[in-house]
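In my numbering, the protein residues as written are 570 to 886.
Remarks on the structure that follows.
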């Protein structure tokens with residue numbers, strides 16, 4: 570009997586290996602389009618940017634590019650004439666992210682909880698709050714430039730003057746270095762909160778209603794249900810939202826280019842804005858590429874740290 574048992578176990582093992590290999594091939598085949606796009610849209614441009622950063626590339630120069638090695642990186646990081654504007658841009662990026670990420674995430678959760686009600690016309694409210702997401706950022710920036718107009722005819726100045734009976738004087742929202750970056754952050758939160766709200770709303774509808782019924786039986790208040798049922802149920806979704814909002818915030822460019830052009834006094838300049846202006850306005854493609862490479866590495870490190878700190882719970886099936 571023991572002689573015949575060995576071949577049967579061997580066949581079972583072979584069947585498991587064959588099934589595992591089939592699953593692997595199927596998974597690889599399904600992920601292949603995404604891998605091809607990732608390589609074509611992210612890996613290849615990053616490698617090309619790194620290669621360009623090693624050369625002195627001038628678009629209007631007929632001579633071939635000259636090899637400079639890591640000189641562009643030394644200049645943007647340590648040169649007394651060039652490094653201050655790069656570090657100032659990096660600080661502006663982090664300041665903008667510190668304003669936008671917590672405020673936009675909290676607003677998205679609040680709106681999703683409010684719009685997760687079974688009321689008549691709730692679909693219209695959800696569409697209304699999601700509507701700014703479908704507008705191009707360039708159009709939104711132009712409209713908000715009119716809202717932030719510096720004189721009393723500006724919509725925001727007029728509204729504040731009306732609600733305060735003239736006690737609040739008109740502000741130069743985009744011309745004041747102390748207000749410009751915050752004003753752009755306010756506009757960006759308005760334009761992007763609908764996207765995060767939809768994701769949180771979908772996650773809210775996956776929380777089992779039995780948990781809320783059990784909390785009600787235990788006489789938990791609405792706030793206690795939010796803290797002990799809603800937030801734990803949204804943990805993985807909130808981690809995802811915080812990570813993508815951080816990345817979106819750090820790549821700030823469109824709003825700055827249209828509304829302030831990096832001013833006043835470099836109060837709103839960002840790394841992406843500096844990279845683009847260095848490459849196409851100052852005609853120094855190598856320097857712009859070096860800024861981009863450094864910035865991508867910084868974003869990758871931030872994402873890895875966030876991933877390490879905000880660990881997702883594994884799904885229990």
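Using N, Cα and C, we set each Cβ at its ideal position, and we do this for glycine too.
- Item | Completely contained alpha helix (DSSP H) runs for the segment 605-693, where each covers 4 or more residues | 613-622, 640-647, 652-683
- Using alpha carbons as the reference points, say which of 738, 770, 598, 726 lies closest to residue 683. Comparing Cα positions, the closest option is 770.
- Evaluate residue 742 with the Cβ neighbour count: other Cβ atoms within 10 Å of its Cβ, from every protein chain shown; 16 or more gives buried, anything less gives exposed. buried
- Item | residue 755 versus residue 818 - alpha carbon distance | 12 Å
- Message: For the pair the segment 841-848 and the segment 644-658, tell me if three or more CB-CB distances fall below 8 Å.
- Response: yes
- Query: Can you list the alpha helix (DSSP H) stretches of 4 or more residues lying completely in the segment 722-776, in chain order?
  - Reply: 724-732, 749-773
- Query: Which term fits residue 783, buried or exposed, when burial requires 16 or more other beta carbons within 10 angstroms of its beta carbon?
  - Reply: exposed
- Message: With the cut-off set at 9 Å, would you say residue 802 and residue 776 are in Cβ contact?
- Response: yes
- Identify whether residue 720 lies in helix, strand or coil by the three-state DSSP scheme. coil
- Message: Only counting the same chain, and skipping five residues up and downstream in sequence, which positions put a Cβ closer than 8 Å to that of residue 706?
- Response: Within the same chain, Cβ atoms closer than 8 Å to the Cβ of residue 706 are found at 760, 823, 824, the five residues on either side in sequence being excluded.
- Proximity to residue 702 [Cα-Cα], best of 664, 744, 763: Among 664, 744, 763, the Cα nearest to that of residue 702 is on 763.
- Task: Would you mind reading off the limits of the alpha helix (DSSP H) that contains residue 823?
- Result: 823-828
- Task: Identify whether residue 886 lies in helix, strand or coil by the three-state DSSP scheme.
- Result: For residue 886, the predicted structure reports a pLDDT of 40, less than 50, and the residue's modelled location is therefore unreliable. A value from the coordinates is still provided. Residue 886: coil per DSSP, three-state reduction.
- Message: Going by DSSP in three states, residue 602 sits in which element: helix, strand or coil?
- Response: Reduced to three states, the DSSP call for residue 602 is helix.
- Message: Is the separation between the beta-carbon of residue 781 and that of residue 794 shorter than 9 Å?
- Response: yes
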